[in-house]
Structures are given as structure tokens and as C-alpha cells.
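Data first, discussion second: the structure below is written as C-alpha cells.
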Amino acid sequence: VQLQASGGGSVQAGGSLRPSCVASVDIFSFSDMAWYRQGPGKQREFAAIFGQDGSTNYADSVKGRFTISRDNAKKTAYLQMNSLKPEDTAVYYCNLVNKFWGNDDWGQGTQVTVSS
Numbered sequence: 123v124q125l126q127a128s129g130g131g132s133v134q135a136g137g138s139l140r141p142s143c144v145a146s147v148d149i150f151s152f153s154d155m156a157w158y159r160q161g162p163g164k165q166r167e168f169a170a171i172f173g174q175d176g177s178t179n180y181a182d183s184v185k186g187r188f189t190i191s192r193d194n195a196k197k198t199a200y201l202q203m204n205s206l207k208p209e210d211t212a213v214y215y216c217n218l219v220n221k222f223w224g225n226d227d228w229g230q231g232t233q234v235t236v237s238s
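Each residue of the sequence shown is one higher than the one before, starting from 123 at the first, in my numbering.
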């Protein structure tokens, strides 16, 4: 499985970005898609998930500011990030999980930098 993440960048605090993650597999629509992030000197942490059943869940730190979405026809997941803060600075990784087929795949990451 290949996951290609893009759409990161550098913004000032209060700005917005919308990273995307394109998958190369047909099982995309039957898989959970999540975004994780790893800030400088920190461990990778969960940000958001969009389940194959349509459910969503968010880390408390991003709830109300980030919105995860997916387009199964395009095999693409998105993370709309609004009201960005300097502490959101991190490499953002997409993750595809399919328990039936045993997939737990990661994209290469896209850098998001928020300046104050």
C-alpha cells in the first residue's frame, strides 16, 4: 500500500491548511483513515480518525479546529486545519488500517509549521 501525503506548509497562527493523503489501494473505502502528528522532540500522537463506518473522532487538542474527511471515489483523506497554533507544528502522517486484510500502513508525512 502506498499513501502519498501532501498539502503541508508554513502559515501564521490563526491560518488554515488542508493536507491530503492519496491511497493506492482499492480497499480504501473499507478501511479506517487516520491522521497522526509528531512535533519536534515529541512522540507521534493521534490527531483524528475517519472510520470506514463513517464515524469520526478527534484528539482533544484539535477538536473544534480540525475536520477529517474522505472521498472514497478519489481514495483520498483530508485534514482541514483551522485556527492553527504554533503548537500544531509537526510532521503529519496519514495512516490506513484494515483489520480484515491486516493493513496498518503509513504515508511519508507532510510538514506543517505554524509561526506566532
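Where a beta carbon is used, it is the ideal one built from N, C-alpha and C, also for glycine. Bear in mind that the values here come from a model prediction, so they are computed numbers and not experimental data.
Cβ-based neighbour list, residue i, same chain, cut-off 8 Å, excluding 5 preceding and 5 following
i: Asp182; result: none
8 Å Cβ cutoff met for residue i and residue j
i: Asp154; j: Val219; result: yes
i: Gln126; j: Val144; result: yes
i: Val236; j: Thr211; result: yes
i: Leu201; j: Pro162; result: no
i: Thr232; j: Gly129; result: yes
i: Leu206; j: Ser138; result: yes
i: Ile171; j: Ile149; result: no
Selected residue, minimal CA-CA separation from residue i, among the options
i: Arg214; options: Ser151, Val123, Phe188 and Ala135; result: At residue 214 the sequence reads Tyr, which differs from the Arg that was named. Nearest of Ser151, Val123, Phe188 and Ala135 to Tyr214, Cα basis: Phe188.
i: Val184; options: Ser238, Arg192 and Trp157; result: Trp157
i: Ser151; options: Asn204, Arg159 and Asn194; result: Asn194
For residue i, three-class secondary structure by DSSP
i: Asp182; result: coil
i: Phe222; result: coil
i: Asp148; result: helix
Spatial neighbours of residue i in its chain, beta-carbon cut-off 6 Å, leaving aside the 5 residues before and after
i: Trp228; result: Tyr215 and Asn217
i: Arg192; result: Met155, Phe172 and Ala199
i: Tyr180; result: Ala170
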